[in-house]
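Worksheet: one structure, shown below.
As structure tokens, this is what we get:
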């Protein structure tokens, strides 16, 4: 009897130890995995030599200086990306918010199907989306321009905004709307004074996420941009393929800092992390 | 609609304009999606079954499906998606599980640690891997320093490099999907299982794993689809020697101007990916039903 108790205890002990060990190792690995590329890219950008290495041989700002002083091509691409992604997020944000307002009130299968339809660009390979859109624009006789880029980016921005906006509208306590209506506000006023302010953080959080993904998109831009509108990720890709150009590291460094600061501010203001699930 | 045959309560009449105004809300996005998402996909489908003369033909599909290269590239791409999916599950599950067990402060820190990389440009992170995995990178430096290798090993421009890069890029998606499901699981279930004598492992396999199947399905579908379509990471980390479906489609369309063939390849890719996701989802749902008896 005593032996079997010891046996059980031993087994429990082994079970707990192996479990803790396995959890801890994989957890550490995941944290490392999440941090490594960003950290290394940032560190490599302060490299003084002509080639990319880590740890950097001698620290220097030279690639940031090169980026600041002699990189009109990169700044031009940045300006185009910024405009395209802002316009696309704005357009998609307006349409998706209105659609989400309707969909959040509906329980029908038809509404759920629409929801899936609006989320579909997230599941389609970007390359098929871009190719299809290019062929279609040529079919209907729309020439490629800055605006074709915006149209394409709106499609990939929509899913993120629809998602968060649905969460935002869904979280509103219906009794608040009832109260507003019973106090004499019509539906427009209720929407403007109650619904919209309450759902705004969710919509803006979705807009922020959509903007970041649009800003980073290559496949759509590759098919839809004309010769004059090169977006930043494609410029960056060209710099990376051309390995001697260490300015790529400086661009990466700037983007990392910009993203982290922007994301932390957004987290503070809107609580983005509440809406990403 | 039925007002002619049946007496209609006043409230229904009053409410009648509302569905219409609701439809007006959804109309702009619906129109946009019909014109710029659905119509292009239909045109792509039509183009894949049309020859140079515009007649209906299966020539593009016959050409694609009789070429061994198509299979090689397609299977290579799907394998990439499978590896990335498995790797993100293995690395993401303990992370998500830890997130639901720790206190609120640590939890929000861990959530931020997942969201920040997610928002950092995938190209920037791919670039980070380019430096990390390169011959002069820290991995090789570490292995050399440990004395495990004499010469830098080539990691970059191999399938492993692409899998590592994609695993990192897609990991946040998997963690978020799993965390969402696990945070809804009643914590007392695991506690009950343990107090009834089941160990940590048994509790994990018999209680937590079955309960997280919806998250696994959602996360896996998302990770698989985006890993298969991750054009830039595949190209940069795979180098010139490895060809994957997105690049193949791009080459055939823009560079070779062989639009019909490119369209056929795109259709083949979309059908296989959707079929795999659909089959995987159905299978997982069934096994979940089986587990719950």
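Protein chains in written order, with the working numbering: chain A, 174 to 450; chain B, 43 to 335. Ideal Cβ positions, reconstructed from N, Cα and C, are used throughout, including at glycine.
To the nearest angstrom, report how far apart residue 313 of chain A and residue 306 of chain B are at their CA atoms. 21 Å
Which one of B:216, B:212, B:254 has the shortest CA to CA distance from residue 231 of chain B? B:254
If you measure between the beta carbons of residue 342 of chain A and residue 274 of chain A, is that distance less than 8 Å? yes
Neighbourhood of residue 335 of chain B by C-beta distance below 7 Å, restricted to the same chain and skipping five residues each side: Because residue 335 of chain B carries a pLDDT of 37, less than 50, the predicted location of this residue cannot be relied on, and the following value inherits that uncertainty. The answer is none, since no qualifying residue turns up.
Quick test of your reading: residue 250 of chain A and residue 350 of chain A, contact by CB under 8 Å. State the CB separation rounded to the nearest angstrom. Residue 250 of chain A to residue 350 of chain A, Cβ: 46 Å. No contact.
Name the chain B residues that come within less than 9 Å of residue 340 of chain A, Cβ to Cβ? By Cβ distance, chain B contributes nothing, its closest Cβ being about 11 Å from residue 340 of chain A, past 9 Å.
By the three-class DSSP mapping on this structure, what secondary structure does residue 231 of chain B have? helix
Going by beta-carbon coordinates alone, are residue 298 of chain A and residue 288 of chain B separated by less than 8 Å? yes
Buried or exposed: where does residue 191 of chain A fall if 16 or more other Cβ atoms within 10 Å of its Cβ makes it buried? Under this definition residue 191 of chain A is an exposed residue.
Taking 8 Å as the threshold (beta carbon to beta carbon), is residue 419 of chain A in contact with chain B? Chain B has no Cβ within less than 8 Å of the Cβ of residue 419 of chain A.
Can you give me the C-alpha to C-alpha distance between residue 58 of chain B and residue 207 of chain B, rounded to a whole angstrom? Because residue 58 of chain B sits at a pLDDT of 44, beneath the cut-off of 50, its placement in the model cannot be relied upon, and the point is left open.
Select from A:206, A:376, A:434, A:449 the residue whose C-alpha is nearest the C-alpha of residue 271 of chain A. A:376
Under 8 Å, Cβ to Cβ, is there at least one residue of chain A near residue 167 of chain B? Residue-level contact check: residue 167 of chain B touches chain A, since one or more beta carbons of chain A fall below 8 Å from its beta carbon.
Secondary structure at residue 411 of chain A, three-state DSSP: helix, strand or coil? helix
Quick one: is residue 256 of chain B near chain A, going by C-beta distance under 8 Å? no
I'd like to know whether the C-beta of residue 231 of chain B is nearer than 8 Å to at least one C-beta of chain A. no
Can you pull the chain B neighbours of residue 182 of chain A, defined as C-beta to C-beta under 8 Å? What residue 182 of chain A touches in chain B, judged by beta-carbon distance under 8 Å, is nothing: the nearest beta carbon there is about 12 Å away.
Distance between residue 336 of chain A and residue 445 of chain A (C-alpha atoms, nearest Å): Straight-line Cα distance between these residues: approximately 13 Å.
Report yes or no: do three or more beta-carbon pairs, one from the stretch 287 to 301 of chain B and one from the stretch 284 to 300 of chain A, lie closer than 8 Å? yes
Taking C-beta to C-beta, are residue 294 of chain A and residue 273 of chain B nearer than 8 Å? Not closer than 8 Å, so no.
Can you give the Cα-Cα distance for residue 94 of chain B and residue 400 of chain A, rounded to whole angstroms? Residue 94 of chain B and residue 400 of chain A have their C-alpha atoms roughly 27 Å apart.
Residue span of the alpha helix (DSSP H) that contains residue 195 of chain B, given as start and end: Taken as a continuous stretch (DSSP letters only), residue 195 of chain B belongs to no alpha helix (DSSP H), as it is neither H nor E.
Identify which residue in A:206, A:418, A:268 has its Cα closest to the Cα of residue 452 of chain A. The displayed coordinates of chain A run from 174 to 450. Any statement about residue 452 of chain A would go beyond what the structure contains.
Residue 309 of chain A versus chain B: which residues are under 9 Å apart at the beta carbon? 77, 78, 81, 82, 83, 84, 85, 86
Please confirm whether residue 292 of chain B has its beta-carbon closer than 8 Å to some beta-carbon of chain A. yes
3 or more residues per run - each beta strand (DSSP E) lying fully within the stretch 61 to 123 of chain B: none
Going by DSSP, what residue range makes up the alpha helix (DSSP H) through residue 171 of chain B? 164 to 175
What residues in the stretch 189 to 214 of chain B bring their beta carbon closer than 9 Å to a beta carbon of chain A? Cβ contacts with chain A: 206, 207, 209, 210, 211, 213, 214.
Expected contact under 8 Å - CB spacing of residue 222 of chain A and residue 232 of chain A to nearest Å: 11 Å between Cβ atoms; not a contact.
Three or more C-beta pairs below 8 Å linking the stretch 277 to 287 of chain A and the stretch 237 to 248 of chain B: no
If contacts are defined as beta-carbon pairs under 8 Å, then residue 309 of chain B and residue 86 of chain B qualify, I think. What distance do you get, rounded to the angstrom? A Cβ-Cβ separation of about 7 Å places residue 309 of chain B in contact with residue 86 of chain B under the 8 Å criterion.
Return helix, strand or coil for residue 390 of chain A, following the three-state DSSP convention. It is coil, neither helix nor strand.
On the DSSP letters alone, give me the boundaries of the alpha helix (DSSP H) that residue 338 of chain B sits inside. Given that chain B is displayed from residue 43 to residue 335, the structure contains no residue 338 of chain B and the question cannot be resolved.
Which of helix, strand or coil does DSSP assign to residue 285 of chain B? coil
Three or more beta-carbon pairs under 8 Å between the stretch 183 to 196 of chain B and the stretch 216 to 229 of chain B, yes or no? no
Use the C-beta contact count for residue 218 of chain A: other C-beta atoms within 10 angstroms, 16 or more gives buried, fewer gives exposed. buried
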